[in-house]
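Chains A and B are the protein sequences, given in the same order. First residue of the first sequence: 125, per my numbering; consecutive thereafter. First residue of the second sequence: 7, per my numbering; consecutive thereafter. Virtual Cβ for every residue (Gly too), placed ideally from N, Cα, C. Note that this is a predicted model, so its numbers are computed, not measured.
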Amino acid sequence: MNRHMARQKISEFRAKSILGRALAKPYDGVSIDTAAPLDTQLAALADDGRYVVKVDQAVKKRMKQGLVKLDRSKAQLAEDIQELASRGFRYCLIEPLHPHDSAAEHYLAFAHDRDGTSIAFSKQGGIDIEDAAESVQQLVATPENLEHIAHELAVPVDFLTAIRDTFDNSYTSFLEINPLVSNGDNPLLLDVAAEVDGEAAHLAREYWTTADFRTFRNQTPEEKVIAELASTSRASLRYEVINPDGAIFLLLSGGGASIVVADEVNNRGFGTLLGNYGEYSGNPSEAETFGYTEQLLLSLLKSSAKEKVLVIAGGVANFTDVRTTFSGVIRAIDTYADKLASQGVKVFVRRGGPHEVEGLALIQACLEKHGLLGEVHGPELPMADSVSAALAHLGVTA
Amino acid sequence: MSHFDIATLRKLEPVVVCIGSHPGIIQSMLDFDFLAGHARPSIAAIIANGRSIERYFYGEREVVIPVYATAQELPESLREQANLILNVASGRRVLANTQAAIEALPNLVGGSIFAEGVPERHAIQLQHIAESRGVWLSGPASVGFIIPGIVKLSAIGGIEARHLQLSRLLAPGSVAVVSSSGGMVNEIIRSVATSGHAVSFAVALGGERFPLLTPEAVLLAAEADPNTKAIAYFGELGGEDEYAVAELVKSGKVTKPVLAYIAGSVSDLFAVPPQFGHAKAMASRKAESAVAKTEALNAAGVHAGKTYGEFIAAIAALPKDDHAASEVDVKTIVRQESGLFVNGISHDKDNDVQILGQELLQFADENSFAKIVISMILGKQTRSQELEEFVDFCLRLLVDHGPYVSGAVNTMITARAGRDLVSALSSGLLTIGPRFGGAINQAAATWFDGVEHTVIPAELVEELAARKQYIAGIGHRKYRADRPDPRVQRLLAFSENLPKRSYTNFALGVEAETTAKKANLILNVDGAIAAVLLDLLHESEGLSKAELAQLVDIEAFNALFVLSRSVGFMAHYFDQRRHDEGLFRLSPKDITPIEISEHN
């Protein structure tokens, strides 16, 4: 788990299992891992049942993307799942089909804010709720408001109370039930999406674990390695490829400064040239910055852009040691220097903080030695200008 | 209602309790205090486990900061004085230890929480706790708060003395800097300084979902602060706090110029909104995007830059602070080498040896040997006459107990082997341990824990019996309940007149239980010394419970026996040397061979 991703989407299977327990109505769906043998996973399903198959990987707008298959026989399931797997999805969900009146479809969502738990709800619901956004009301989850919402949605108030309590106790940050089908004493939760507070994993063990986290992004090998590195580090390490064939790669430090520098490229109209976004902060070790830089350089070397630059930038750090972190960066540059030089890559640096004089001198010497030197600056260069020379080098100054 | 008030903070003489330890940050706060010309370091104590002091530099001089395990264990005077907390402990523990500190410190004004990864619900709980006590907290994930020349709380402004000076953080200016990002607060402070300005105060709110100190509260504080002439605000995509900022400006509650930059327009490049570096930095809805927030701020009358460069240029264009026009002359703090040891017992001063703060000869002239012994053991000069007399009696009483005991036997054997004085004495001393002579400390531990946890003597006896453990300080080979040990009677007399006598009473309570089981399970010399010494140290000498616990922990209660019996061992050594019988050897009849049993 990445420590610094506070909010994490969990599988619909887990979200419904948690709710099933809260409502004393055990969840009847089956979670499918397409990477494991299907026969055993499907064995328990009744032969004459009718089923729904859907991707369970925190994907929005599944219905519109054809990632939900309705009213399937057991014989059709294996083929459905293989089709979804072939589209790059690993986790699916199979549920018994619950035929219902679409007029009874409502929208219900829970969220945390400073004043407590708030509930968003609408008598309308289902896949077109965004078109009916003005019908969604929001109220704080007080007993009176719960009464009111229960009445509006024609569901028992105990039902709402039970969900609200479990929502709070399970360190869930956001829970969306859409559609919720009012069905007398027995409302149906057709589709459920939930985000939990990843920082509370140690407190919520009886509800969910980090194994329930789901993402729908196919990570590049480099992103994967950095995510692994981040999971065992006290420092923050983030990396996302925006354009694998980008010309500008950013090695940035600081959560805020990294956005400012990436913004700057975009604000000057060269967002399409950006290869990645990422940042390291929280005083990573030399080994960690080496590992991080190595993956970033591998991404950069893979890019098919003709001319490429690496921008190493950050603000004036409070406590992250510039010399220590740069020594890891330098070791990685030394390792890939020949390849970088043969692709004509130039490196531009702007950074400040503890031991900045020593750190900047070291990186200047390294870049000169390998013929990679663009420019090296300390805090005397305004941060917004840390990309200027790099853009000029690419011949794209506006 | 916010309790974050700059005027109050400017008047404060900061007394900071640091929860957890972060040497770089703590040293940087001391450097700030020193460069600002404060009389003493702002950090008064550290809450941490596993040690009792930490060493830092105040200017060139080395200073120690006391460490306590919990906020409740801080000395009362310190609890009264403390007005700020800095929490650098891990995110998981933030709720519990911040709450404990707020409860323990009655005059707390505010604090800062450094850790990332505080669960959202904990942050919200903390906010309620802090508000109900009238305390402000910046964070989680805040690098702190600074008023130039007055107070630096946490890493803000940098951890190098050079950076504090380059950023003009030692004299007050007129620009308030507010930022969700810790790195950016520092970057902006530097930009303020290099453009001929200085900050009036600066604070990092932290990039978490629910910052305890809100942008709204800080802007209102900046508006109320007479030193502040303009406000520089750095925000990010995610969350909707900036709409509250816009509302303040629009409604005229904030009239001073507000310059802003909301980072994150780059988010539009991503097909799916990414999570940027900070927990909050993710725009799930349009209103949370950087572009939407920038527009709303501009519409309300804030000068929100479309680019960061625009924002910095607007800061540079503010009216200059007079004193910030000159070049910064960076002073280097030259430090002595850090000592390899700290020492509270003795040191050289003007070519004389000082012992416990007194010149050696005067120390020797004015004090009895017993007083010197107990003062040296405690590391400070004692004042109690009863304690001195008791120690004197123990030193005399423990000098020897016959040649048959193991320590004396070992000393005699070594002497007969022709070894020297120190070798023979050492072999005797090395025998001292849990079964011989070393039971006093164990007994002190038992009596101390018993009183501390108000254990009922009968329960202690039953529990140890069930575990088949002996009770240190109880039991004698010769003496019995009906034939008491005369030495014990004499020892107990020393605590007879104390008002509480809790440890002696507890020990006697245990004895009443054990002698009911078996007549020779009486309170012995070890147990009596431990109990009486505890009572005297606590009642006559005024040592706190924490100090007593530490003495038990460092095995101080065995010291009197070790010292006194050394004289006895030396006596046996000299005696053996005078008689010179030659090497000692056992004969076969002294050793019983054990046949290995055949039946299994």
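Distance from the Cα of K198 of chain A is smallest, within the candidate group A:V177, A:K188, A:A441, for A:V177. Taking 8 Å as the CB threshold, V149 of chain B lines the interface with chain A. Listed along the chain, the chain A residues whose CB falls inside 8 Å of the CB of L101 of chain B amount to none; the nearest CB is some 10 Å away. The three-state reading of DSSP puts A236 of chain B in strand, counting E and B together. Proximity of D163 of chain A to chain B, defined by a Cβ-Cβ separation below 8 Å, is not satisfied. Setting aside the 5 residues that flank it on each side, G495 of chain A is surrounded in the same chain by A465, each with a C-beta closer than 7 Å to its C-beta; the list follows chain order.
S451 of chain A sits close to L486 of chain A, with the two beta carbons spaced by under 8 Å.
Excluding the 5 residues flanking it on each side, E258 of chain A has no same chain C-beta neighbour closer than 7 Å. N93 of chain B: member of the beta strand (DSSP E) spanning 90–93, first to last residue.
Residue A:L299 holds the alpha-carbon nearest to the alpha-carbon of A233 of chain A among A:L263, A:D152, A:L299. The beta carbon of V435 of chain A sits no closer than 8 Å to any beta carbon of chain B.
Per DSSP, reduced to three states, the secondary structure at N373 of chain B is coil, with no helix or strand assignment. Only V191, N192, E193, I194, I195, R196, S197, T200, A210 from the stretch 191–211 of chain B bring a Cβ to less than 9 Å from some Cβ of chain A.
Runs of the beta strand (DSSP E) lying entirely within the stretch 255–312 of chain B, each at least 3 residues long, are 264–269 in chain order. Counting along the chain, K193 of chain A sits inside the beta strand (DSSP E) bounded by residues 192–197. When Cβ-Cβ separations below 8 Å define contact, K474 of chain B makes no contact with chain A.
K259 of chain B is positioned such that its CB atom lies no closer than 8 Å to that of I237 of chain B. For I301 of chain A, the enclosing beta strand (DSSP E) covers residues 296–305. For Q200 of chain A, the closest of A:D172, A:K188, A:S210, A:H224 by C-alpha to C-alpha distance is A:D172.
Of the candidates A:E482, A:D462, A:D152, A:K133, the residue whose Cα lies closest to the Cα of A170 of chain A is A:D152.
Between the alpha carbons of Y267 of chain B and H309 of chain B lies a distance of about 9 Å. Contact between A456 of chain A and E403 of chain A is absent: CB atoms are separated by about 16 Å, not below the 8 Å threshold.
In this structure, the CA atom of S173 of chain B is about 20 Å from the CA atom of Y64 of chain B. In this structure, the alpha-carbon of A121 of chain B lies about 46 Å from that of R507 of chain B. Below the 7 Å Cβ cutoff, chain B contributes G30, I31, A161, I165 as neighbours of F443 of chain A, in chain order. Closest by C-alpha distance to A202 of chain A, out of A:L217, A:G190, A:K188, A:A182, is A:L217. For a Cβ distance threshold of 9 Å, nothing in chain A lies close to V141 of chain B: the least Cβ distance comes to about 17 Å. Rounded to whole angstroms, the gap between the alpha carbons of E412 of chain A and T444 of chain A is 13 Å. If you ignore the 5 residues before and after F213 of chain A, its C-beta comes within less than 6 Å of the C-beta of V179, Q181, all in its own chain and listed in chain order. For Y416 of chain A, the uninterrupted alpha helix (DSSP H) run begins and ends at 410–426, by DSSP.
In the DSSP assignment, G439 of chain B is bridged to B:F442, B:G443. The DSSP-derived three-state label of S246 of chain A is strand.
Between A450 of chain B and A536 of chain B, the gap from beta carbon to beta carbon is short of 8 Å.
Contact between the stretch 155–167 of chain B and the stretch 20–30 of chain B is established, with three or more Cβ pairs separated by less than 8 Å.
The beta carbons of E60 of chain B and R341 of chain B sit no closer together than 8 Å. Unbroken alpha helix (DSSP H) runs of no fewer than 4 residues, entirely contained in the stretch 355–430 of chain B, are found at 366–372, 375–384, 391–403, 412–422, following chain order.
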